[in-house]
Structures are given as C-alpha cells and as structure tokens.
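In the numbering used here, the protein residues as written are 366 to 829.
Quick reminder that beta carbons are idealized off the backbone N, C-alpha and C, glycines included.
Predicted model only: the values in this text are computed from it and were never measured.
Beneath this line is the structure, given in structure tokens, with notes to follow.
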C-alpha cells in the first residue's frame, strides 16, 4: 500500500482541491425550486466531468425529476477486492432569508473564524463539501498509484433536498448495477468538534395529524360557554394524556415495544466523545435537560423514541379577540423511532389512545396516512466498521466513536430495503455549520482531514 504517499499528495494539493470545491459550489443547484432546474443539471454535468477526470466511467441518468449520477472505477481489480457504493447528493437547500447572509451564498469564500478557517457558502457542508472529500481522496489514490484500493460505484443524487421522489424507482430499476458489498454515506456530522464519528443508528419517523370535531359551527362563548364542549380544551387534555408527568415517558400503551437499551461499551464511547451537554442545550436557550428521566441528552437523542407536538391550533388566531367556542381543534405530531419499533404498529397505538380519550359530542378525524420509516441500526458485527473506526482514530489522533443520530437519512433505509445493502455513515460536518440556514460553512479542517480520513478508510477496507 502507498498510503503515506497518498496522504502527502492530499497535503500538497489542498489549495487546488479547495478551489475545485468552490467552483462546484458556485453552481446554484437548488432542487426544490423549478427556476433552478438548469443549474441542477449543470451541477450534475460538472460532477460527471470531474469524475471522468480521475478515470471513473461516470454518466448522468435522467429521471422524472433531477438527474442521478452513476460512475464506476476498479472493475478490473477482480472480485477479491472489496466493492463499495459511495452516496452523496449534489443539490442544495434554498438560501432564504437572503438578507441574513453575511456574504453571497453562491460566491463561496475562505474566511477566518475563532475556530479556524472555514469555507462559507451554500452547499459547503450539505453536501458538496462532504461529497468532495471522498472524490479528492480517490483523486489522490489514482494520482499516486494509478488505481483505487477498492472497487467503487459512485451514486450521486440531485433530489435529496426536495424529498427524493425519483430515488426509490431508480434504485429498483438499477438494482443490479448498484450492487456492492457496503454503502458509504457522507451526509453526517461529527459528535463534537475534532471527534471523528461513525454513525451507527438513525431514528425512524412517523407523522400523523388529527382534528377534533365538536359543535356544528363556532359558537358565541357567552351563549354556550359552560354547557358547551370546547374542542381546544379537549385537545389540551388529550395531548396531556400522551405523557407521564413524573417520568417524562410517553404514556401510550405499547409505545416502547421494540426499544433496546444501549450496550455498555457503546455508552462508554458516547460518554467520552467530548459532547458538551450544557453548551448544546444552552446555545438554544435551555437551562437544563428535559424529557425522559434517567437518560442523558445523547441517549435521548440517539437511542430513545419521542412523541413531539409540532402544531396545535383552532378557533380565532387573528388580531384582537373573538369570543368563540371553536367547532374544531387541530394537532400535528411526529414520533422519532428507534430499535425495532414498527411505525405502523405505532400509528395504531397512537390512534387507539386518542380515540379512547373521546367523550360525548367529540369526534376525531385523522388527516395523515403518510408511510412511516423504521429506524436504521447498522450491523456492527461487520469488520468494516471497526476498520473504519481505526482509520479515523489514526487520522484525528484520538479514539473515533460509534455514534447515533437523532434524525433520519431515508436513503440508508432504502439501500437496505431495495438493495439489501448495509451502510456506513462517516461525515465531518460540525453542529455549528448552519446546514439549511443562512451563512452555511464547512471547516477547512473538516475538508482536509476528511479527505485524508477517506484515503485511510479505503486502505483499511482493502486490507481487512
């Protein structure tokens, strides 16, 4: 293996790699806005040409929406060489509110900050900067050795920020071409600054919405206040019944079915990850941890399910006062799922709980039948995970951790259901990168050491 020479090449070419990234970032590939359709297409073209420059047989594939990119390299290395599928997305979020940006979102700049130099601009962390760390690692391997340590299929999406409507049909239609030993995904963060992380579990999601129906029309509160049932008051009572006030637990029967406790060795990694609970909570205005008693903030975020109320409304919401008893009251809610929780079983339990709370003159109408998604839990028995953790530890000079994520990355679940493909999630973003927000940035250190990290991971996977 020529890993030392590859790392030296990455060091020498850092400025060129940064310039290449900023050229990519100047393309405003906002996938959700039809006005930017040509720009999304241009970003796909740029990426295809860049992959071809390092010997990848890359193609832009049309879909009913924005293009997918598929590229392959190393097919001549033989079946004994590991084969990985690398996934990223080249589309970005809208930039609104534009007035809150301190520099033009599609005119990326290298800026100095108290934590070091950053790449400022839309897409820097999500996901162009992260995507290019892997591409630059491959470029260095190709330049030094003329080949890659592993067989690689590149799979880049242009609709991740707009719901991925073409993703599942594309996976099904191209399942044979996308087969690999393992998927690598780069759309994640480190658990804390300077602490490299392999994300090994993602929470699933269930969304639902209901309306409580009371009187036939809004009523005068002077004429009916007292004897008249008020749906908003009933909604408050039902929402309160979702929770145990003493323990912070969700009080719905069967809610914790399929939830598992975190193994002790994984808890040790989390506790030693450098995560600062006080800063994490204090930065958004909390003075203490809330939620389930007996679980740390990281346990609650990564390994415990939640039921959150996302919206409550009804009656009069305009200026001044209107003395009515509303005829309807509305609730939007979501559940984050972990372990082996079944979203459809959860939906049934949730609805059964609400319906059990209904009294005379109160009805419920369910408004949402969106399909839920299960949590993704990685198979840590596979040797690739420990190999990657060792490579990350070597690069960053401290123990890398197997971490969790509080959110969801749907493509990971789709890789499993559609391709029967396990995923390994390694990313180098920080919590303060303002992804999806004004003034998005990506630390130059994250880009630099992220590139070196992928070079090491590819070598480790080839040697396992």
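1) So residue 758 is in the alpha helix (DSSP H); what residue range does that whole segment cover?
2) Which runs of the beta strand (DSSP E) fall wholly inside the segment 518-589 and span at least 3 residues, in chain order?
3) Between residue 657 and residue 627, is the Cβ-Cβ spacing less than 8 Å?
4) Over the uninterrupted alpha helix (DSSP H) stretch that includes residue 412, give me the two end residues.
5) Rounded to whole angstroms, what is the Cα-Cα separation between residue 716 and residue 655?
6) Whole angstroms are fine: how far does the CA of residue 732 sit from the CA of residue 669?
7) Which residues in the same chain have their Cβ closer than 8 Å to the Cβ of residue 481, if we skip the five residues on either side of it in sequence?
8) Just to confirm the assignment, what range does the alpha helix (DSSP H) spanning residue 384 have?
9) In the DSSP assignment, find the unbroken beta strand (DSSP E) run with residue 808 in it and report its ends.
10) Which of the three DSSP states is assigned to residue 712 in this structure?
11) By a C-beta neighbour count over all protein chains shown, 10 Å radius and 16 as the cutoff for buried, is residue 635 buried or exposed?
12) Check whether the segment 579-598 touches the segment 681-691, counting contact only when three or more Cβ pairs, one atom from each stretch, lie closer than 8 Å.
13) Look up residue 673 in the DSSP assignment and say whether it is helix, strand or coil.
14) How would you write the range of the beta strand (DSSP E) that residue 731 sits in, first residue to last?
15) Among residues of its own chain, excluding the 5 on either side of residue 476, which ones have a beta-carbon nearer than 6 Å to its beta-carbon?
16) For residue 727, which residues from the same chain have a beta carbon less than 8 Å from its beta carbon, with the 5 sequence-adjacent residues on both sides left out?
17) Figure out for me which residue from 428, 720, 546 and 633 has the closest Cα to the Cα of residue 788.
18) In terms of alpha-carbon separation, which member of 513, 426 and 772 lies closest to residue 822?
19) In whole angstroms, what is the alpha-carbon distance linking residue 405 and residue 711?
20) Quick one: residues in its chain with C-beta nearer than 7 Å to the C-beta of residue 419, no 5 flanking neighbours on either side, listed in chain order?
21) Check each candidate in 501, 678 and 537 and name the one with the smallest Cα separation from residue 371.
22) Please go through the same chain and pick out, in chain order, the residues whose beta-carbon is closer than 6 Å to the beta-carbon of residue 560, but skip the five residues on each side of it.
23) Based on Cα-Cα distance, which residue from 426, 421 and 456 lies nearest to residue 833?
24) Assuming residue 816 contacts residue 382 under a Cβ cut-off of 8 Å, what Cβ separation, rounded to an integer in Å, is found between them?
25) When the Cα of residue 644 is compared with those of 378, 797 and 395, which residue comes out closest?
26) Return the Cβ separation of residue 699 and residue 614 in integer angstroms, given the expectation that the two are a contact with Cβ distance under 8 Å.
27) How big is the Cα-Cα spacing for residue 463 and residue 774?
28) Mind checking residue 828: buried by the 16 CB within 10 Å criterion, or exposed?
29) Could you check how far apart the C-beta atoms of residue 417 and residue 423 are, in whole angstroms? I think they sit under 8 Å.
30) Given this structure, state the Cα-to-Cα distance separating residue 466 from residue 592, to the nearest angstrom.
31) Quick check on residue 608: does DSSP put it in helix, strand or coil?
32) Applying the criterion that 16 or more other CB atoms from any shown protein chain within 10 Å of the CB defines a buried residue, is residue 590 buried or exposed?
33) Quick test of the definition: if touching needs 3 or more C-beta pairs under 8 Å, does the segment 606-621 touch the segment 750-759?
34) Kindly indicate which residue of 768, 778, 748 and 720 has the alpha-carbon position closest to the one of residue 741.
35) Who are the near neighbours of residue 411 in its chain, counting only those whose CB is closer than 7 Å to its CB and skipping five residues on each side?
36) For residue 651, does the count of other Cβ atoms within 10 angstroms reach 16, so buried, or fall short, so exposed?
Let me spell this out:
1) 748-761
2) 547-550, 562-567 and 569-578
3) no
4) 402-417
5) 25 Å
6) 26 Å
7) 808, 809 and 810
8) 379-390
9) 806-808
10) helix
11) buried
12) yes
13) strand
14) 728-731
15) 483 and 485
16) 577, 578, 579, 594, 596 and 599
17) 546
18) 513
19) 38 Å
20) 503, 504 and 507
21) 501
22) 638 and 639
23) No answer is possible for residue 833: the residues shown for the chain start at 366 and end at 829.
24) 7 Å
25) 797
26) Between residue 614 and residue 699 the Cβ distance is about 17 Å, and since that is not below 8 Å, they are no contact.
27) 27 Å
28) exposed
29) 5 Å
30) 53 Å
31) strand
32) exposed
33) no
34) 778
35) 389 and 392
36) exposed
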